[in-house]
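Visitor:
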Amino acid sequence: MQLKFYGVRGSIPTPGPDTVKYGGNTVCVSLQSQNNTHIILDSGTGIRILGDELIRDTRDIYILLSHNHWDHIQGFPFFVPAYMPNRTIAIVPGVTDCQAPDAILRQMDGSYFPVQYDDLPSAVRVLPQQSDKWHYHDIYIERMAMNHPGGGSAYRLTVDGVKIVYAIDNELYPPNDPVTSFDEWVEFVDGVDYLIHDGQFIPSDYPLKMGWGHSQIKDALALAVQGKVKNLVIISHDPARTDKDLDQIALDIGQKGFDFNTIIAHEGLVIK
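For this note's numbering, add 189 to where a residue sits in the sequence shown, where the first one is 1.
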């Protein structure tokens, strides 16, 4: 099993000299199994780089979306395989409050983007899943509702004996009643090998941004402790968070002596 991170930034792309180390592309993660099954998690601007790598890859493409906010779909119009004949792309949308499973395609309607999705030469299908549990080849997928404005889905993936939870744009302690409680999250992540979780905020951010649908890093750490996870990967970095800031966060976490390994996600990160 291999994970590769092509975009780790939350909310909006942040190019510039202060984000070179961790990257400024919005979220996109690739998962590949030992049997060569490939899943793409979200379609932020990082998917453009992944698309360039897939030009000569003839496998079907399977995209799991967490939700339809811009930073999770905005890379798809620049995804080269979508413009290639004889390519098959299946898109599984997250479960959102507003039923718009094809939002990722409707952003290409001629008003927002010059190429309309009906003109794409590839075979693109949107495949909403009615069940919260299903298989894609040798990968077992489970789904959980995120605490995020407009809704969305987190995923638990079991592949090659490894368990991964991808819970991005998730507020563990929202100001109103949560869709999924902290205790339910503890059960969902119980014993996983890798918890990839939102860590956009620090305490100084939170008074202003409470209810925006993102977690404080300290709450993601608490979830990892109670869920007895083996590795925590913090993702969805705040647009204002610089490389220096993230280095300091990594240093501070390392000094706390947690029983699990913590990784501050960066573009190009590969986990085997």
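Cβ coordinates follow ideal geometry from the N, Cα and C atoms, glycine included.
1) Taking its Cβ as the centre, do 16 or more other Cβ atoms sit within 10 Å of residue 237, making it buried, or is it exposed?
2) Between residue 395 and the ligand ATP, is there a pair consisting of the residue's CB and a ligand heavy atom that are separated by less than 7 Å?
3) Closer than 8 Å is the cut-off here; do at least three beta carbon pairs connect the stretch 282–291 with the stretch 326–341?
4) If you draw a straight line from the alpha carbon of residue 448 to that of residue 454, how long is it in whole angstroms?
5) So the candidates are 357, 440, 315, 309; which of them puts its Cα closest to the Cα of residue 332?
6) To which residues does DSSP link residue 275 through a beta bridge?
7) Which residue wins for smallest C-alpha separation from residue 204, given the options 432, 274, 316?
8) Inspect the beta-carbon positions of residue 217 and residue 199 and report whether they are closer than 8 Å.
9) Assuming residue 425 and residue 327 form a contact by the criterion Cβ under 8 Å, report the distance between their Cβ atoms to the nearest whole angstrom.
10) Taking the CB atoms as reference points, tell me whether residue 351 and residue 384 lie closer together than 8 Å.
11) Which whole-angstrom value describes the C-beta separation of residue 193 and residue 219, a residue pair presumed to lie in contact below a C-beta threshold of 8 Å?
12) Since residue 234 contacts residue 263 with CB under 8 Å, what's their CB separation in whole angstroms?
Guide: Short version:
1) Indexing the sequence shown from 1 puts residue 237 at position 48. Under this definition residue 237 is a buried residue.
2) With respect to the ligand ATP, the structure offers nothing, as it holds no ligand at all.
3) yes
4) Start at 1 with the first residue of the sequence shown, and residue 448 comes out as number 259. Start at 1 with the first residue of the sequence shown, and residue 454 comes out as number 265. When rounded, the distance between both Cα atoms is 19 Å.
5) Counted from its first residue, the sequence shown places residue 332 at position 143. Selected option, being the one with the closest Cα: 357.
6) By one-based count along the sequence shown, residue 275 stands at place 86. Looking at the DSSP assignment, residue 275 forms no beta bridge with any residue, so it has no partner.
7) Here the question's residue 204 lines up with position 15 in the sequence shown. Selected option, being the one with the closest Cα: 432.
8) One-based indexing of the sequence shown puts residue 217 at position 28. One-based indexing of the sequence shown puts residue 199 at position 10. It is not a contact, given that the beta carbons lie outside the stated cut-off.
9) Translated into the one-based positions of the sequence shown, residue 425 becomes position 236. Translated into the one-based positions of the sequence shown, residue 327 becomes position 138. With a Cβ gap of about 28 Å, residue 425 and residue 327 do not count as contacting.
10) Taking the sequence shown and counting its residues from 1, the one referred to as residue 351 is at position 162. Taking the sequence shown and counting its residues from 1, the one referred to as residue 384 is at position 195. No, they are not a contact pair.
11) Against the sequence shown, residue 193 aligns to sequence position 4. Against the sequence shown, residue 219 aligns to sequence position 30. Right, their Cβ atoms sit about 5 Å apart.
12) As a position in the sequence shown, residue 234 is number 45, starting the count at 1. As a position in the sequence shown, residue 263 is number 74, starting the count at 1. Correct: roughly 6 Å between the Cβ atoms.
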